[in-house]
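Report on the following structure.
2 protein chains.
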Amino acid sequence: MTPDQFREYGHAVVDWVADYWAGLAAGPDGARPPVQPPVSPGWVAGALPPTVPERGEPFEAVLADLDRIVVPATTHWQHPSYFGYFPANTSGPSVLGDLVCAGLGTQGMLWSTGPACTELETVTLDWLVDLLGLPARFRSDGPGGGVIQDSASSAALVATLVALHRASDGRWRESGVQDRFTVYASTQGHSSIEKAARIAGLGDRAVRLVDVDERLAMRPDALAAQIAGDRAGGATPALVVATVGTTSTTAVDPLAAIGALCREQQIWLHVDAAYAGAAATCPELRWTHAGVELADSYCFDPHKWLLTGFDCDAFWVADRSELVQALTVLPEYLRNAATATGAVIDYRDWQVPLGRRFRALKLWFVLRWYGVEGLRAHVRTGVALADRFAGWVRADDRFELVAPHPFSLICFRLRAPDGVNEALLHRLNATGSLFLTHTKVRDRFVLRLAIGAPATAAGHVAAAWRQIQQAATELLAG
Amino acid sequence: MTPDQFREYGHAVVDWVADYWAGLAAGPDGARPPVQPPVSPGWVAGALPPTVPERGEPFEAVLADLDRIVVPATTHWQHPSYFGYFPANTSGPSVLGDLVCAGLGTQGMLWSTGPACTELETVTLDWLVDLLGLPARFRSDGPGGGVIQDSASSAALVATLVALHRASDGRWRESGVQDRFTVYASTQGHSSIEKAARIAGLGDRAVRLVDVDERLAMRPDALAAQIAGDRAGGATPALVVATVGTTSTTAVDPLAAIGALCREQQIWLHVDAAYAGAAATCPELRWTHAGVELADSYCFDPHKWLLTGFDCDAFWVADRSELVQALTVLPEYLRNAATATGAVIDYRDWQVPLGRRFRALKLWFVLRWYGVEGLRAHVRTGVALADRFAGWVRADDRFELVAPHPFSLICFRLRAPDGVNEALLHRLNATGSLFLTHTKVRDRFVLRLAIGAPATAAGHVAAAWRQIQQAATELLAG
Numbered sequence: 023m024t025p026d027q028f029r030e031y032g033h034a035v036v037d038w039v040a041d042y043w044a045g046l047a048a049g050p051d052g053a054r055p056p057v058q059p060p061v062s063p064g065w066v067a068g069a070l071p072p073t074v075p076e077r078g079e080p081f082e083a084v085l086a087d088l089d090r091i092v093v094p095a096t097t098h099w100q101h102p103s104y105f106g107y108f109p110a111n112t113s114g115p116s117v118l119g120d121l122v123c124a125g126l127g128t129q130g131m132l133w134s135t136g137p138a139c140t141e142l143e144t145v146t147l148d149w150l151v152d153l154l155g156l157p158a159r160f161r162s163d164g165p166g167g168g169v170i171q172d173s174a175s176s177a178a179l180v181a182t183l184v185a186l187h188r189a190s191d192g193r194w195r196e197s198g199v200q201d202r203f204t205v206y207a208s209t210q211g212h213s214s215i216e217k218a219a220r221i222a223g224l225g226d227r228a229v230r231l232v233d234v235d236e237r238l239a240m241r242p243d244a245l246a247a248q249i250a251g252d253r254a255g256g257a258t259p260a261l262v263v264a265t266v267g268t269t270s271t272t273a274v275d276p277l278a279a280i281g282a283l284c285r286e287q288q289i290w291l292h293v294d295a296a297y298a299g300a301a302a303t304c305p306e307l308r309w310t311h312a313g314v315e316l317a318d319s320y321c322f323d324p325h326k327w328l329l330t331g332f333d334c335d336a337f338w339v340a341d342r343s344e345l346v347q348a349l350t351v352l353p354e355y356l357r358n359a360a361t362a363t364g365a366v367i368d369y370r371d372w373q374v375p376l377g378r379r380f381r382a383l384k385l386w387f388v389l390r391w392y393g394v395e396g397l398r399a400h401v402r403t404g405v406a407l408a409d410r411f412a413g414w415v416r417a418d419d420r421f422e423l424v425a426p427h428p429f430s431l432i433c434f435r436l437r438a439p440d441g442v443n444e445a446l447l448h449r450l451n452a453t454g455s456l457f458l459t460h461t462k463v464r465d466r467f468v469l470r471l472a473i474g475a476p477a478t479a480a481g482h483v484a485a486a487w488r489q490i491q492q493a494a495t496e497l498l499a500g
Numbered sequence: 023m024t025p026d027q028f029r030e031y032g033h034a035v036v037d038w039v040a041d042y043w044a045g046l047a048a049g050p051d052g053a054r055p056p057v058q059p060p061v062s063p064g065w066v067a068g069a070l071p072p073t074v075p076e077r078g079e080p081f082e083a084v085l086a087d088l089d090r091i092v093v094p095a096t097t098h099w100q101h102p103s104y105f106g107y108f109p110a111n112t113s114g115p116s117v118l119g120d121l122v123c124a125g126l127g128t129q130g131m132l133w134s135t136g137p138a139c140t141e142l143e144t145v146t147l148d149w150l151v152d153l154l155g156l157p158a159r160f161r162s163d164g165p166g167g168g169v170i171q172d173s174a175s176s177a178a179l180v181a182t183l184v185a186l187h188r189a190s191d192g193r194w195r196e197s198g199v200q201d202r203f204t205v206y207a208s209t210q211g212h213s214s215i216e217k218a219a220r221i222a223g224l225g226d227r228a229v230r231l232v233d234v235d236e237r238l239a240m241r242p243d244a245l246a247a248q249i250a251g252d253r254a255g256g257a258t259p260a261l262v263v264a265t266v267g268t269t270s271t272t273a274v275d276p277l278a279a280i281g282a283l284c285r286e287q288q289i290w291l292h293v294d295a296a297y298a299g300a301a302a303t304c305p306e307l308r309w310t311h312a313g314v315e316l317a318d319s320y321c322f323d324p325h326k327w328l329l330t331g332f333d334c335d336a337f338w339v340a341d342r343s344e345l346v347q348a349l350t351v352l353p354e355y356l357r358n359a360a361t362a363t364g365a366v367i368d369y370r371d372w373q374v375p376l377g378r379r380f381r382a383l384k385l386w387f388v389l390r391w392y393g394v395e396g397l398r399a400h401v402r403t404g405v406a407l408a409d410r411f412a413g414w415v416r417a418d419d420r421f422e423l424v425a426p427h428p429f430s431l432i433c434f435r436l437r438a439p440d441g442v443n444e445a446l447l448h449r450l451n452a453t454g455s456l457f458l459t460h461t462k463v464r465d466r467f468v469l470r471l472a473i474g475a476p477a478t479a480a481g482h483v484a485a486a487w488r489q490i491q492q493a494a495t496e497l498l499a500g
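Quick note, the sequences are listed as chains S and B, same order. Numbering of the first sequence is given in the working numbering, commencing with residue 23 and proceeding in unit increments. Numbering of the second sequence is given in the working numbering, commencing with residue 23 and proceeding in unit increments.
Here it is, written out as structure tokens:
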């Protein structure tokens, strides 16, 4: 494809994306696509030919198939009535930053293979330290530093690895998992903690799920007891993962108490704020991060709630030298003058893969386009809409809130058996006009309404509540 | 950013990318940027402000800083005279597929969160099985299946994990690394194999680097002896990684003999064809893959030499059920009706992270735009240019080829001490008009010239050779 063809088709694709977004954001009377498509498994595969075409096809044919095959089978995460899981924010500046990334085609494994790719990442991650009010020692001008991982799962894995490196006094690198290491999270911790422990060769049994209090936050006393018991049993506690904003209900673990215990016990503390870290952009929400200065590592996902498209997990360590020691392997073909000086960051040593995209571009575009004000406004909108929704739930005796809602996720249920709540969720999602997911809290089936898609406005949340009330009325009437 | 603003700025960014490419591809008289920028560490960071702007900035300011800060500090992987490492191909259709991916903002962790995202990936990976002449059992309509990983490093890690799962009869999942597992690759294997073993908790000591023959290919007899010795010493051999096209010199390990041994010894065979897999699109180059039907897993990178932008590693397993068993963790909040039927693929269980982008779009755009003919033509151009370059090296008595060149990488050196060859590389790269990297072969310093950037044509390779000859003349004259 020549640059001129790219220009022509590129304009067409930009228009296609703009039209797609405009279609999703159409007013209540516009014909918006169903949030979750009503397709059966195999529908997409059945619509595609069996092999690569022998000769190249016109670009117009590919573009037409987006509308024919892809859109009708897409769960629309950018739909204003998308309330499932957590949001997967994107935005215009993010998409355009990613477009520049793709156009440059830089592979930033080493500083020398992408100086701008490396330094822009370091600087934007330093910016985020200040924006979120994180500890200054996470900044690259101190002993720490930040890096973009693809996801909080990968951040949890990297934290696990460097924690093992530290807990074994560096023997792990050469000798592997020799001790009986243990890892701690609350019963509400993310599944990626278990997955990281499994990948790291500890096995699922190494993961201790610590009891929570009535707010679904980790109990420091239970953590202390578990650690003491494990030590008595001959295990080596290596890592505690505390969560700010659990996936199930956005519970906030008490970082200060957990951190103090980790310091005393010399255990690596990783703080997973994948979704809720974005809230720390707002000073009035920073209480959720009290104690974060005790963390050895911390991550949050701008790709969840900070207007930056997936994949963009921001991960920091307080001591970058340990991280690099844990993960570096230097074959001859990667040696270069800049690396040899020791004066540069080679991000390949901060992650599992060797190669890396220029992901800092989209983050940079977002931070500059929105500014501090714009980013805070986005978060505050979500929190305010969630507050309003919670008020409506509280005011309807048929419903109950089942967990605190410090951010923009509301967990609620009908005061009715699980089956009725399951039926309610199914009935709502089957309409296609909104999308919610579920969890279990204290073994009860609970609906989750996560606000934060960039296009979501007050009217969409109000419409969702009307629809939920209406569906409940129909269900309860039998 | 409104859809209309996105339209306006999007056209501007598309034009920016087109202009960037046109600038790189300018004829010999055009003022092309240096392939590797002459910037010092800290230059980019120093050009950026210390914090996120308080208020959002105009998009034009961001775009202007691309030219002021980013481009002058970018190693131009898409430059026609980029001959370093391996190519990191991108192309117009790839960039535009990625643009659609960013615009949709789909998070395809589950089939249900992205039916098109999931099925288009399954189908395009099935297409590639046929395009490359890979074993039919890798196809999703048999027991196997393909998935896009970010990189061959991650593929090596996933292969390591499922190999441990098999070698431990499934105990690894719960109990972690209990046995003394060993992993095998040739001395020329990629550093990601060692990194994967480290991440998986085996430690660097678990990796056995097997001796190679005069073509730098793994010696099956040496592998057999090493395995027998390890078994006698109480170890459990778990994984052999054979390479088609090593990073250092593109050596080809004999898959048939290695595969037969792995079958006999019941050891998982992973084939890493990260760079050279693209060559299998051409029937006349499939001899390099003889024996691949014995592999338990296989990967190659369309993002290296098949016109698809990073990140796109295509990874297959012959038995997908083992892979899913090894990696699945299913918390309540991810349960859904489609998963419960067992009739869909949830790709989150095929990889380390939970979240995933709609990467199949760029691959689909590339396969359709170029077709089989276009893809083969790209590979054949690289191979033919490499042949021609090798002929020139052979015809100049001052130089020698140091390894076979079945693909499009030439490894060569001056018949002179290492210091002279190092000086030659430095002198060439300092001009900025081309970029090569180096390796060591049998402890001697060797220059690598990797052909395959999409913009590279015969004239660029001829110009590189003239420049190499000229620099050698100057150097040898002292």
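Positions of the beta carbon are idealized from the N, C-alpha and C atoms, including for glycine.
Minimum Cβ-Cβ distance from residue i to chain B less than 8 Å
i, result
"S:Phe387", "yes"
"S:His33", "yes"
"S:Arg161", "no"
"S:Tyr369", "no"
"S:Phe3", "Because chain S spans 23 through 500 in this model, residue 3 of chain S falls outside it and cannot be assessed."
"S:Leu118", "yes"
"S:Asp152", "yes"
Contact set for residue i: own chain, Cβ-Cβ below 6 Å, skip 5 residues either direction
i, result
"B:Ile473", "Gly404, Leu407, Ala408, Ser430"
"B:Val122", "Leu383"
"S:Gly136", "Thr128, Gly130"
"S:Tyr31", "Phe81"
Limits of the beta strand (DSSP E) - the one that residue i falls within
i, result
"S:Phe421", "421–423"
"S:Leu469", "466–472"
"S:Leu431", "431–436"
"B:Val229", "229–232"
"S:Phe332", "First-last for S:Phe332: undefined, no H or E at that position."
Nonlocal neighbours in the same chain, by C-beta distance under 8 Å from residue i, ignoring five residues either side
i, result
"B:Trp386", "Gly119, Leu142, Thr146"
"B:Gln200", "Ser190, Arg193, Trp194"
"B:Pro305", "Gly155"
Unbroken alpha helix (DSSP H) run spanning residue i, endpoints
i, result
"S:Tyr31", "25–46"
"S:Val180", "174–189"
C-beta neighbour in chain S for residue i, strict 8 Å
i, result
"B:Gly164", "no"
"B:Thr461", "yes"
"B:Tyr206", "no"
Cutoff 7 Å; reference residue i; Cβ partners in own chain excluding five residues on either side
i, result
"S:Leu458", "Phe105, Gly106, Leu447, Leu450, Asn451, Leu469, Arg470, Leu471"
"B:Ile221", "Leu179"
- Counting Cβ pairs, one atom from each stretch, are 3 or more of them under 8 Å apart for the stretch 284–303 of chain S and the stretch 256–271 of chain S? They touch, by the three-pair rule.
- Message: Give me the subset of the stretch 424–454 of chain B whose CB atoms are less than 9 Å from a CB atom of chain S, sorted by chain position.
- Response: Contacts with chain S (Cβ-Cβ distance below 9 Å) from the stretch 424–454 of chain B involve His448, listed in chain order.
- Query: On the three-pair Cβ rule with 8 Å, is the stretch 163–175 of chain S touching the stretch 72–89 of chain B?
  - Reply: In short, these stretches do not touch, since the Cβ pair count stays below three.
- Could you run through the stretch 280–297 of chain B and flag, in chain order, every residue whose CB is less than 9 Å away from some CB of chain S? Listed by position, the residues of the stretch 280–297 of chain B near chain S (Cβ gap below 9 Å) amount to none.
- On the three-pair Cβ rule with 8 Å, is the stretch 343–352 of chain B touching the stretch 409–417 of chain B? Cβ pair count under 8 Å is below three, so no.
- Query: Using Cβ-Cβ distances below 8 Å, what residues of the stretch 107–133 of chain S are close to chain B?
  - Reply: For the stretch 107–133 of chain S, which is checked against every Cβ of chain B, the residues closer than 8 Å are Tyr107, Ala110, Asn111, Thr112, Ser113, Gly114, Pro115, Ser116, Val117, Leu118, Asp120, Leu121, Val122, Ala124, Gly125, Leu126, Gly127, Thr128, Gln129, Trp133.
- Message: Does the structure place the stretch 296–303 of chain B close enough to the stretch 319–328 of chain B that three or more beta carbon pairs sit under 8 Å?
- Response: Inter-segment contact for the stretch 319–328 of chain B and the stretch 296–303 of chain B is present: three or more beta-carbon pairs are separated by less than 8 Å.
- Counting pairs of Cβ atoms below 8 Å between the stretch 277–286 of chain S and the stretch 365–381 of chain S, do you hit three or more? Cβ pair count under 8 Å is below three, so no.
- Query: Is the stretch 170–180 of chain B touching the stretch 227–241 of chain B in the sense that three or more CB pairs, one from each, lie closer than 8 Å?
  - Reply: With a cut-off of 8 Å, the stretch 170–180 of chain B and the stretch 227–241 of chain B do not count as touching, because too few Cβ pairs lie within range.
- Members of the stretch 80–91 of chain B that neighbour chain S once the beta carbon cut-off is set at 8 Å: Only those residues of the stretch 80–91 of chain B whose C-beta falls short of 8 Å from the nearest C-beta of chain S are listed: Phe81, Ala83, Val84, Leu88, Ile91.
- Item | Interfacial residues, the stretch 236–265 of chain B to chain S, with Cβ spacing under 9 Å | Those would be none; no residue qualifies.
- Does the stretch 234–242 of chain S come close enough to the stretch 199–214 of chain S to have 3 or more Cβ pairs within less than 8 Å? Touching, yes, given that three or more Cβ pairs across the two stretches are closer than 8 Å.
- Message: Short of 7 Å Cβ to Cβ, which residues in the stretch 314–348 of chain S face chain B?
- Response: Taking 7 Å as the Cβ-Cβ cut-off against chain B, the residues of the stretch 314–348 of chain S that qualify are Gly331, Phe332, Asp333.
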